[in-house]
Amino acid sequence: MPVTTTSAPRLRKPGGAEAGLPASAPRPPARVRVRSTQWAALGFLAPLIVYLLACYAYPLYRNIDLSLHDYTVRSFVQGGADFAGLENYRDVLTDDGFLPALRNTFLFTFVSIAAQYAIGLALAVFFRNNFRLSAVLRGMFLVPWLLPLIVSGSTWAWMLNSDNGIVNTVLESFGAGRINWLTDPGWALVSVIIANIWLGVPFNLVILYSGLQNIPEELYEAAALDGANAWQQFWRITFPLLRPVSGITLLLGLVYTLKVVDVIWIMTTGGPGGASTTLAVWSYREAFGTGLPDFSPAAAIGNLLLLIALAFGFLYLHLQRRQERT
Amino acid sequence: MTALTQPVRRRHRARWKTVLGIALTAAMLFPVYWMVNVSLTRTEDMRSDPPHWFPWNPTLEGYANVLDDQLPAMTTSLGIGVGCVALTLLVSAPAAFALAKLRPWGAGPLTFVLLVVQMIPGVVMAIGFYAVYVRLGWLNTVWGLILADSTIAVPFGVLVLTAFMTGVPGELLQAARIDGAGRWRTFVSVVLPLSRNALLTVSLFTFLWAWSDFIFASTLSRNADAVPVTLGIYAYIGNNTTQWNSIMATAVVASVPAAVLLVVAQRYVAGGVVAGAVKD
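Quick mapping for you: the protein sequence lines, in order, are chains A and B.
All residue numbers for the first sequence refer to this note's numbering, where the first residue is 1 and numbers rise by one.
All residue numbers for the second sequence refer to this note's numbering, where the first residue is 327 and numbers rise by one.
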């Protein structure tokens, strides 16, 4: 519907957001116009601001409140829990499960993103030069990333099943023994890391591929003329010029991977015996995983995780800002 | 002579790359193939050793079970997805317009907040929402889940739409103004239609995230009458550990939106991933 055809005077009427401005004024002075723009902007932003307060600030406040009180199931619903200060945090930090969970969190996160990045980068370089079907194949690589996690998680769980899983069948055909992937404490974390790497490769591929597109082709041509082979071209051109994008990809992957619950919960529920429990899974289990919800420690663990995520998150923002400036 | 051999050699190399590319893609997508394979396997063949690599005797019993058991769950998920898209667009599109074109005070801090809230772990949000919903009596409701699920998408939506709307030429807005359109009118009749692609990207991702959500569903809607499909699959795994063909059939059906998305809107998907991470 073209704007021009409707009657102008009626449209001139300012909306509620501009209420401060008299409708009849033909040309308001600049200062008034600036102010009216500010009011209009506030009107457009109002739903978002209300939303942020209601859906982020308030749940976060409740979360912190939970972690500072000693909530029982009863007081959780009715209120009136005792103030506990930082006691929940102290309990969590001195819990026997804390150090293993912290170790698992960092193993899960760093091994996952290192492998995702390496594989993603190799694939991005492979796909850099267009060849027949390259666009289609690149698109199909997105599939793991688009599948619901419950789908990929349960598929991997079945593939890694000790007795009937395809992975063990293949291993046995090569003469290797069976591995109890999901039930052996030594392998459970490895299993969820494998699945998580598979999940994260597409994301890395897409971002790194788009970063590669910004490296001028002439550099490669010049290097080829100087007799540099593909290996040298990668280490002298691709890798150094991709460094800013790499940093952002890795840090973003870090922030996302730190908070993963679904994959682990669906495949192993953090077990056996906490062998694949990360901080996020631990928090989830305390709050929702057992029959007896214990929200106060769960909230404390969650907030510790939030602090770690924010630390890396700020590093990411810092790097990105620096890159934008150059 | 060289002029002739050069393209031939290049084409040869390209074909080699295509073959390798297909092999890599096949390896990457093997789990997906396996999911389809298992979904078509008969229950009596499920425990056979070695497993059947191809569904020689395909059966649709798994899919029949899906239709019986999971159809309501999928309808629920569809509703949640659509509701989430509507809510996300309603909140993020006007805000993006303001951030992109009206230069509001505090735009910098607000953008910063939008970036930071995306880093909050899902489990923290889930506990917070649970605590809030318990008192409001919103647990196990569809709208409660819509509201919670939308938190995955709203910051992303605002940032992507802002980046896009910044590119809308200022002359167009000025022209609308001269023609007598107010800001609201300009937004609805000029900016929104021009932002169709970005709106589509945001909608697709929002729908997919809401459809795939497990954390909020498994915490805020555990005891609901109408559970979303992710929870349907999860309950299925718990109850029917032997019926993996039905589980995988549900998984296949639950993947349909992702497949449709990929076929219909591949370039929006790739664009959305990049826009969410490296905004320029």
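Cβ atoms here follow ideal geometry from the backbone N, Cα and C, with glycine treated the same way.
Let me see if you follow: with CB-CB separation under 9 Å, is residue i close to chain B or not?
i: F234 of chain A; result: no
i: T109 of chain A; result: no
i: P22 of chain A; result: Bear in mind that a pLDDT of 41 at P22 of chain A, under 50, signals an unreliable position, so the number given afterwards is only what the model happens to contain. No, P22 of chain A does not count as interfacial toward chain B.
i: L310 of chain A; result: yes
i: R62 of chain A; result: yes
i: Y56 of chain A; result: yes
i: F83 of chain A; result: no
i: P100 of chain A; result: no
i: W158 of chain A; result: yes
i: N303 of chain A; result: yes
i: W181 of chain A; result: no
i: Q38 of chain A; result: yes
Look at the alpha carbon of residue i and the alpha carbon of residue j, and state the distance between them as a whole number of angstroms.
i: D551 of chain B; j: L397 of chain B; result: 13 Å
i: P519 of chain B; j: A40 of chain A; result: 20 Å
i: V255 of chain A; j: I193 of chain A; result: 16 Å
i: G273 of chain A; j: G289 of chain A; result: 14 Å
i: V468 of chain B; j: V77 of chain A; result: 21 Å
i: Y459 of chain B; j: N565 of chain B; result: 28 Å
i: S112 of chain A; j: A543 of chain B; result: 26 Å
i: Y456 of chain B; j: F540 of chain B; result: 14 Å
i: S418 of chain B; j: F490 of chain B; result: 12 Å
i: A311 of chain A; j: P447 of chain B; result: 13 Å
i: N168 of chain A; j: G177 of chain A; result: 8 Å
i: G43 of chain A; j: T37 of chain A; result: 10 Å
i: V364 of chain B; j: W570 of chain B; result: 7 Å
i: S24 of chain A; j: A507 of chain B; result: Legend: pLDDT at S24 of chain A = 44, less than 50; position of this residue unreliable, value from coordinates given subsequently. S24 of chain A and A507 of chain B: Cα-Cα distance of roughly 15 Å.
i: L137 of chain A; j: N130 of chain A; result: 11 Å
i: V582 of chain B; j: L588 of chain B; result: 10 Å
i: L355 of chain B; j: A584 of chain B; result: 14 Å
i: A474 of chain B; j: V125 of chain A; result: 39 Å
i: Q323 of chain A; j: G496 of chain B; result: 27 Å
i: G405 of chain B; j: S538 of chain B; result: 13 Å
i: G271 of chain A; j: A390 of chain B; result: 33 Å
i: S283 of chain A; j: V514 of chain B; result: 44 Å
i: V360 of chain B; j: W510 of chain B; result: It is Trp, not Val, that sits at residue 360 of chain B in the sequence shown. For W360 of chain B and W510 of chain B, the distance between alpha carbons rounds to 51 Å.
i: M445 of chain B; j: A580 of chain B; result: 27 Å
Within this structure, are the beta carbons of residue i and residue j separated by less than 9 Å?
i: L366 of chain B; j: P381 of chain B; result: yes
i: L251 of chain A; j: I207 of chain A; result: no
i: Y594 of chain B; j: T527 of chain B; result: yes
i: V450 of chain B; j: L149 of chain A; result: no
i: I330 of chain A; j: P430 of chain B; result: In the structure displayed, chain A extends from 1 to 326; residue 330 of chain A sits before or after that span and is not available.
i: I264 of chain A; j: T278 of chain A; result: yes
i: A425 of chain B; j: L45 of chain A; result: Note that residue 425 of chain B is Leu in the sequence shown, not Ala. In contact: L425 of chain B and L45 of chain A (Cβ atoms closer than 9 Å).
i: A300 of chain A; j: V73 of chain A; result: no
i: S547 of chain B; j: L471 of chain B; result: yes
i: K427 of chain B; j: L485 of chain B; result: no
i: I215 of chain A; j: T238 of chain A; result: yes
i: S134 of chain A; j: T385 of chain B; result: no
i: A118 of chain A; j: S296 of chain A; result: no
i: A195 of chain A; j: S152 of chain A; result: yes
i: P336 of chain A; j: A275 of chain A; result: The requested residue 336 of chain A is not part of the displayed model; chain A covers only 1 to 326.
i: T257 of chain A; j: F108 of chain A; result: yes
i: A412 of chain B; j: P554 of chain B; result: no
i: A536 of chain B; j: G407 of chain B; result: yes
i: V480 of chain B; j: Y220 of chain A; result: no
i: V341 of chain B; j: R132 of chain A; result: Checking the displayed sequence, the identity of residue 341 of chain B turns out to be Arg instead of Val. Yes; because the gap between Cβ atoms is below 9 Å, this pair is in contact.
For the alpha helix (DSSP H) holding residue i, just list the boundary residues, first then last.
i: F438 of chain B; result: 433-443
i: T268 of chain A; result: 262-268
i: K427 of chain B; result: 387-427
i: Y220 of chain A; result: 217-225
i: D65 of chain A; result: 58-68
i: I472 of chain B; result: 468-492
i: W325 of chain A; result: The sequence given here has Arg at residue 325 of chain A, not Trp. Here the alpha helix (DSSP H) through R325 of chain A covers 295-325.
i: I166 of chain A; result: 166-173
Spell out whether any CB of chain A is found under 9 Å from the CB atom of residue i.
i: F533 of chain B; result: no
i: T492 of chain B; result: no
i: D606 of chain B; result: Confidence in D606 of chain B is poor, its pLDDT being 38 and thus under 50, which makes the residue's placement unreliable; the coordinate value appears in the next sentence. Answer yes: the Cβ-Cβ gap between D606 of chain B and chain A drops below 9 Å somewhere.
i: A412 of chain B; result: no
i: V555 of chain B; result: yes
i: Y389 of chain B; result: no
i: I446 of chain B; result: yes
i: P430 of chain B; result: yes
i: T344 of chain B; result: yes
What residues are listed by DSSP as bridge partners for residue i?
i: F76 of chain A; result: Beta-bridge pairing links F76 of chain A to no other residue.
i: D82 of chain A; result: A:D70
Any heavy atom of the ligand PLP closer than 8 Å to the beta-carbon of residue i?
i: W265 of chain A; result: Here there are no bound small molecules, and the ligand PLP is not part of this structure.
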